[in-house]
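Number of protein chains: 2
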Amino acid sequence: MREQDGATKAPGRVGDVRRRNLALVLGRIGPEEPATRAEIAAATGLTKASVSSLVAELLETGLVDELGVTRAGERGRPGVGLALDARRGALGAEVNVDYLAVGVVDLHGSLRYHEVAETVNRGRGPNDVVAELSRIVERCVSAADDAGMTLLGGGLAVPALVDPSRGTILNAPNLGWRNADLAPALGGLVPGAPFGVVLSNEADSAALAELWYGRGTSLGSYLYVSGEVGVGGGLVMGSELFSGPGGHAGEVGHIVVEPTGQRCSCGGRGCLETVAGQEAILAAAGITDGGSTTAARMAALQASLDAGDTQAITAVERAAHYLGIAIVSSARVVDVSAVVLGGHFAALAPWIRPALLSSLEAFAPGVIAEEAVAFSELGTTAALRGTAGAALRRALAAPYELLA
Amino acid sequence: MREQDGATKAPGRVGDVRRRNLALVLGRIGPEEPATRAEIAAATGLTKASVSSLVAELLETGLVDELGVTRAGERGRPGVGLALDARRGALGAEVNVDYLAVGVVDLHGSLRYHEVAETVNRGRGPNDVVAELSRIVERCVSAADDAGMTLLGGGLAVPALVDPSRGTILNAPNLGWRNADLAPALGGLVPGAPFGVVLSNEADSAALAELWYGRGTSLGSYLYVSGEVGVGGGLVMGSELFSGPGGHAGEVGHIVVEPTGQRCSCGGRGCLETVAGQEAILAAAGITDGGSTTAARMAALQASLDAGDTQAITAVERAAHYLGIAIVSSARVVDVSAVVLGGHFAALAPWIRPALLSSLEAFAPGVIAEEAVAFSELGTTAALRGTAGAALRRALAAPYELLA
DNA sequence: AAGAATTAGTATGTGTTCTAAACTATATAG
DNA sequence: CTATATAGTTTAGAACACATACTAATTCTT
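Line by line, the protein sequences give chains W and F.
This note's numbering applies: residue 4 is where the first sequence begins, and numbers increase by one.
This note's numbering applies: residue 4 is where the second sequence begins, and numbers increase by one.
Right, here's the structure in full:
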């Protein structure tokens, strides 16, 4: 993810300066309030001449749009407003255990044309599922096309350990997939996308969605924990996803929270997942109807909680207690002081929150403040927003790719 | 530590290219085996002309030395060997609870002129201790001077949370210091050092020493855990220290390893420190003589272990068991797959190792391999080597600072 | 022993991209 | 209607890497 080897680093060429400055100027052009060339020059330290030249090239890429004169009402010649062009966007898609989700996000951050389909994907083959996904994607892509949008790239998020550079799924335990090569399918999703379609982990993407479009926008550094069938997570620090040397960072599901606890599917013992995963909570709540899907049983849990069922409430509070321990330990290791919770933790927020706060206070007073515990509001669109956003950032970081 | 804000980034100027390439070329010049201009050109992708020009400037800085023709025995004109100049070095110093350590490390990585003084610093004031340290530093600096060495910078490591940019100690619980301003003293340690003298955390510095001069050289990414009066740690990933958004990353001492365990001085419960810190181990081993220093009692523990005392052995194994849990949890969060253990964990290695390995295997089979558990061999010189090394890296990363 | 072949390193001219400073353009103030 | 302020462009100059052609020093071949 990060630069690996100081020794293998490429040499700096004179042209690199321009590439860097193109991205720098583009970074000062927000989605909304128009910036002017003069303002950008003052903010970046570049001369007005350089900014003019750089902006001219950015206009050529189509990422930036001139809005006409800004009425300042002040003395002097008014500047020409510049803003990101909302007609450029990216596709985001997600395959999860019990739904497919697809959408288009534009450079202003708006989600347009999204569609969520509830399907049971566990056990079905990857090709079958991706074919169904492709049909939804086609509808979204042509809707964007009809509206005059240009898609720069896209992303597909899956609840799996992936190799983004090869477009392969290494292991998706909850889908039952191993070593699936999605590269051919990815290429076809957004025809002619200059920034490609990239495979990503669902929790990582959701974590980034919170950073760019959700509860993390004001935080910058936080741990994202998503409760699904498993317990996944992503680590955002300094407004960047940290995925670790091997790409597994933020995997809080297998932190040991109870040394004398149950054995876990990972081979360990007392992992968070064994006490706060969906199956664990459902079992503790006594909701054991094996015939229906996990999603349906989670709905039943909601109903029990609403009805004030003590066993259900105790089960959720127990999960929150251990969740607190895992968060505290994570916070110590990477020094983050905020958390964003998604998946079923967000759905169960009213019951999770108090128990979680008292657990945090008991095990590490003062480390994570009450205001620093946030619950996701993005629902099933989190991961697709994240991968689409990542595609947009790839474009914003390398605008020169769009020039001849 | 890392670049914070994409928006506040400085613009790229043409001269930045040269700065980058100076550091790039310097990075290819190792301490030992001489590199030639032609080899560097091939390795970096720069042209021979550019490399010649860059090397000429590096020679001016004094960091690099020409060794004369390399006898290759092959056809063609032999190249001129280039190597880092071992006459350039940096000072490293450490104030710890029961000793002071000072040394000089040269650009070849050799430790020269080092001195360790056993003194009880707990409770003494910072000024008093630093004055004593300064006398030792003076001896080392003049020894280096006499040998014709030039010191580029230095570092002072303390078992404390520090603000390196201000040169202040925020809190050193085990020394009993709070809000001590060491900036004036630091400035005077290495007169005229172009890269300054920087305050650092002892565990972080020791972690870096392992990376550059110890057990971490072949690892690249690992968790360093140091057992002292407290339990500290440092996180090295991708051959860089990761200190987290607030600078506390790697603080494994307060990971929760036993939810029903004892209260901790941090206000939490069941932290690693409450079961694997020196006092905790001594108490469990029944070595309770309150009159002598902690260091002396740790020596007594060693003696008991050597004598086969079951209570002592059980106490150490229990600590190792919990240490394993903390390592596993850390490994999950940041995705590292190796550990280096220092401080009393290194001293007790023969007793720690087997218990630790079985704990790792029980809680996360396959995550940390047996070969990936290493014990430090740097002893009391670890932290000083680390801070000195950091000063040397500052010079190697910014050689242009040494030019007019 | 002389020349061919091979490799190391230097010199010169060109293109890119920045800065600085002077210039043009367009607004408000009085 | 002129002075002033601000936005943006034009032009000249400097830094730097690249490409190419050159010189230097060594070994191989005959």
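Glycine is no exception: its CB is placed at the ideal position from the N, C-alpha and C atoms.
Since this is a predicted model, take the numbers as computed values, not measurements.
Next item on the list: Could you check if T436 of chain F is buried or exposed, using at least 16 other CB atoms within 10 Å of its CB as the buried criterion?
Entry: Within the shown structure, residues of chain F are numbered from 4 to 407, placing residue 436 of chain F beyond reach of any answer.
Note to self: Counting only Cβ pairs nearer than 9 Å, list the residues of chain W close to T317 of chain F.
What the structure shows: The premise fails here: T317 of chain F is roughly 17 Å from chain W at the closest Cβ pair, so nothing lies under 9 Å.
Note to self: Given this structure, state the Cα-to-Cα distance separating T383 of chain W from G345 of chain W, to the nearest angstrom.
What the structure shows: 10 Å
Next item on the list: For the stretch 358-383 of chain F, enumerate the residues whose C-beta is nearer than 8 Å to any C-beta of chain W, in chain order.
Entry: A365, F366, A367, P368, G369
Note to self: Let me confirm a value: G92 of chain F is counted as buried when at least 16 other C-beta atoms fall within 10 Å, else exposed. Which label applies?
What the structure shows: buried
Check: Once you ignore the five residues that flank A186 of chain W on each side, which residues in its own chain have a CB closer than 6 Å to its CB?
Finding: Apart from the 5 residues on each side of it in sequence, A186 of chain W sits with its Cβ closer than 6 Å to the Cβ of G170 in its chain, given in chain order.
Next item on the list: Quick one: grab the DSSP three-state call for I32 of chain F.
Entry: coil
Item checked: Contact set between R272 of chain F and chain W, taken where Cβ atoms lie within less than 7 Å -> A365, F366
Note to self: By the 7 Å beta-carbon criterion, what residues does the stretch 86-119 of chain F contribute toward chain W?
What the structure shows: none
Note to self: For a cutoff of 8 Å on Cβ pairs, would you count V17 of chain F as touching chain W?
What the structure shows: Yes, contact with chain W.
Item checked: Beta carbon of T390 of chain W nearer than 8 Å to that of S208 of chain W -> yes
Check: For the candidate residues F:A283, F:A322, F:P162, F:G190, whose alpha-carbon lies nearest to that of E254 of chain F?
Finding: F:P162
Margin query: With a threshold of 8 Å between beta carbons, is G241 of chain F in contact with chain W?
Written below: Chain W, which has a Cβ nearer than 8 Å to the Cβ of G241 of chain F, makes this yes.
Checklist line | alpha helix (DSSP H) segments (min. 4 residues) lying fully within the stretch 322-351 of chain F | finding: 347-350
Next item on the list: Determine, using beta carbons only, whether L61 of chain F and L29 of chain F come nearer to each other than 8 Å.
Entry: Contact: yes.
Next item on the list: Would you give the residue range spanned by the alpha helix (DSSP H) that Y216 of chain F belongs to?
Entry: 205-216
Notebook entry, point to check: Ordered along the chain, which non-local residues of its own chain (more than five positions away) have a Cβ less than 8 Å from that of G271 of chain W?
Noted result: H257, V259
Item checked: alpha helix (DSSP H) segments (min. 4 residues) lying fully within the stretch 250-283 of chain W -> 276-279
Item checked: Sequence-distant residues of its chain with Cβ nearer than 6 Å to A400 of chain W (five each side left out) -> A26
Next item on the list: For T73 of chain F, I'd like the list of residues in its chain whose CB is within less than 8 Å of its CB, leaving aside the five on either flank, ordered along the chain.
Entry: Answer for T73 of chain F: P37, T39, P81, G82, V83, G84, listed in chain order.
Next item on the list: Can you give me the Cβ contacts of G219 of chain F inside the same chain, cut-off strictly under 7 Å, excluding the 5 residues immediately before and after it?
Entry: E213, Y225, V239, V343
Next item on the list: Provide the residue(s) that pair with V165 of chain F in DSSP beta bridges, ordered along the chain.
Entry: F:I172
Check: Roughly how many angstroms lie between the CA atoms of E118 of chain W and C143 of chain W, to the nearest whole one?
Finding: 8 Å
Note to self: Does chain F have any CB closer than 8 Å to the CB of A209 of chain W?
What the structure shows: no
Check: How would you label V67 of chain W, buried or exposed, when you count the other beta carbons within 10 angstroms and need 16 or more for buried?
Finding: Result: buried.
Check: Run through DSSP, which three-state label would R181 of chain W get?
Finding: strand
Checklist line | S137 of chain F in three-state terms, based on DSSP | finding: Taken through DSSP and simplified to helix, strand or coil, S137 of chain F comes out as helix.
Next item on the list: Output the boundary residues of the beta strand (DSSP E) element that contains R115 of chain W.
Entry: 114-120 is the span of the beta strand (DSSP E), which, as asked, contains R115 of chain W.
Notebook entry, point to check: Is the CB-CB distance between A367 of chain F and V331 of chain F below 8 Å?
Noted result: yes
Notebook entry, point to check: Cβ-heavy atom distance between P353 of chain W and the ligand GDP below 7 Å?
Noted result: The ligand GDP is absent from the structure shown, which contains no ligand whatsoever.
Margin query: If you reduce the DSSP assignment to three classes, tell me which class E320 of chain F lands in.
Written below: helix
Item checked: Residue of F:D88, F:P14, F:R321, F:D292 minimising C-alpha distance to I32 of chain F -> F:D88
Item checked: Min CB distance I172 of chain W to chain F below 8 Å -> no
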